[in-house]
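K.L.:
Residue numbering for the sequence shown follows the working numbering, starting at 430 and increasing by one per position. Can you read through this structure? Questions will come right after.
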Amino acid sequence: MITIYHVPNSRSQRIVWLMEEMEEPYRLETFGIPVPDSFLEVNPLGSVPTIVDDDADEPITMFESIGILLYITGRRLVAGDEKATALAVGPRPSAEHYAAHLQMLHFGEADLATPIGTIFRTRVFTGEQTNNTIADQLGQLDKRLAYLDNYLADGRQWVTGDRFTIADISIGYAFLLAEFTKSEITLPPHVAAYWQRLQARPAYKRAQAAA
Ligand SMILES: N[C@@H](CCC(=O)N[C@@H](CS)C(=O)NCC(=O)O)C(=O)O
């Protein structure tokens, strides 16, 4: 079974959401920040998500959320699990489909969640509410959200087309983080509608209730 070391509203929510999409049992170890000292024995960086997979030959520990989404679905895809295969864009996607999927998967963390997290950390840990770095990151976010809005304007339901994948979990979590940290970003219309669709998913709701 997978154990998820979890802080509510943090990036570990991505992994809880994935497990709920796959309807697979998991174990939650929930705590707050600052993390307990005992957790540093599992992940010396003290960051979440961290998972331990004790179904592997030797227990596997991982701590990067996008890597974990790929690991969990990838292992099950190889084993022929249909749900995980669909969430990872199928066993043999076209080059175009696969490239778009990987790009959007990383866009959710690198281009959206990271600047939101940086703004939040700056405000909490330096006490500065506005400075040039925050203004620059907000500008970057506006540009990236405008890109995403245009990308969704063709009427697609999910970022990789008509099939929900882990790329949607990656991006959807960035909106949750923006709300949780009260970041002053405005979601453009297609992105706002997409966020509504994501929140309406039964697995999203179950993940929010579980964690
Ligand atoms: N790129 C990492 C970022 C992980 C990260 O920064 N997690 C935050 C919570 S969302 C955390 O653990 N912060 C506490 C700390 O780093 O001390 C990922 O996607 O997993």
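The beta-carbon is built from N, C-alpha and C at its ideal position, and this holds for glycine as well. None of these values were measured; they are calculated from a predicted model.
Can at least three beta-carbon pairs, one atom from the stretch 540–553 and one from the stretch 609–626, be found at a separation below 8 angstroms?
P.N.:
yes
K.L.:
Is the stretch 558–572 close to the stretch 468–483, with three or more CB pairs under 8 angstroms?
P.N.:
Taking a contact to require three or more Cβ pairs closer than 8 angstroms, the stretch 558–572 and the stretch 468–483 do not qualify as touching.
K.L.:
For a test of the three-state rule: what should DSSP assign to I462, helix, strand or coil?
P.N.:
If you number the sequence shown from 1, residue 462 lands on position 33. The answer is coil: DSSP assigns I462 none of H, G, I, E or B.
K.L.:
Given this structure, state the Cα-to-Cα distance separating R443 from H535, to the nearest angstrom.
P.N.:
By one-based count along the sequence shown, residue 443 stands at place 14. By one-based count along the sequence shown, residue 535 stands at place 106. Between R443 and H535, the C-alpha separation is close to 13 angstroms.
K.L.:
Given that a residue counts as buried once 16 or more other Cβ atoms are within 10 Å of its Cβ, and exposed if not, what is T490?
P.N.:
The sequence position of residue 490 within the sequence shown is 61, counting from 1. That one is exposed.
K.L.:
Determine, using beta-carbon pairs with one atom in the stretch 582–602 and one in the stretch 446–461, whether at least three such pairs fall under 8 angstroms.
P.N.:
yes
K.L.:
Rounded to whole angstroms, what is the Cα-Cα separation between L516 and T594?
P.N.:
Indexing the sequence shown from 1 puts residue 516 at position 87. Indexing the sequence shown from 1 puts residue 594 at position 165. Each residue's alpha carbon lies about 4 angstroms from the other.
K.L.:
What I want to know is whether the C-beta of P544 ends up closer than 7 angstroms to one or more non-hydrogen atoms of ligand 1.
P.N.:
For the purposes of this step, residue 544 is taken as the residue at position 115 of the sequence shown. Checking the Cβ of P544 against ligand 1 gives no.
K.L.:
Any heavy atom of ligand 1 within a distance shorter than 7 angstroms of the CB on S612?
P.N.:
Taking the sequence shown and counting its residues from 1, one reaches residue 612 at position 183. No, Cβ of S612 sits at least 7 angstroms from all heavy atoms of ligand 1.
K.L.:
Report back the beta-carbon spacing between P478 and R504 to the nearest angstrom; my notes put them in contact at under 8 angstroms.
P.N.:
Taking the first residue of the sequence shown as position 1, residue 478 is located at position 49. Taking the first residue of the sequence shown as position 1, residue 504 is located at position 75. Actually they are not in contact, since the Cβ atoms of P478 and R504 sit about 16 angstroms apart, beyond 8 angstroms.
K.L.:
In the DSSP output, which residue or residues are listed as bridge partners for H530?
P.N.:
For this step, residue 530 is matched to residue 101 along the sequence shown. DSSP output for H530 lists no bridge partner at all.
K.L.:
Kindly indicate which residue of G496, S494 and R521 has the alpha-carbon position closest to the one of V373.
P.N.:
Given a span of 430 to 640 for the chain in the structure shown, any question on residue 373 remains unanswerable.
K.L.:
Rounded to a whole number of angstroms, what is the C-alpha to C-alpha distance between G509 and T502?
P.N.:
In the sequence shown, counting from the first residue as 1, residue 509 sits at position 80. In the sequence shown, counting from the first residue as 1, residue 502 sits at position 73. Looking at the two C-alpha atoms, the distance is approximately 10 angstroms.
K.L.:
Have a look at A596, T555 and L570 and flag the residue whose alpha-carbon is nearest the alpha-carbon of L616.
P.N.:
Counted from its first residue, the sequence shown places residue 616 at position 187. Closest option to L616, Cα to Cα, is L570.
K.L.:
Go to V507, then tell me how far its alpha helix (DSSP H) extends in each direction, as first and last residue.
P.N.:
Taking the first residue of the sequence shown as 1, we reach residue 507 at position 78. Its alpha helix (DSSP H) spans residues S494 to V507.
K.L.:
Does the Cβ-Cβ distance between I480 and I545 come in under 8 angstroms?
P.N.:
The residue given as residue 480 occupies position 51 in the sequence shown. The residue given as residue 545 occupies position 116 in the sequence shown. It is not a contact, given that the beta carbons lie outside the stated cut-off.
K.L.:
What runs of the alpha helix (DSSP H), each 4 residues or longer, lie entirely inside the stretch 572–624?
P.N.:
As far as the stretch 572–624 is concerned, its whole alpha helix (DSSP H) runs of at least 4 residues are 595–609.
K.L.:
Give the secondary structure of D540 by DSSP, where H, G and I count as helix, E and B as strand, and everything else as coil.
P.N.:
Sequence index remark: in the sequence shown, residue 540 carries index 111 (1-based). Here D540 sits in helix by DSSP.
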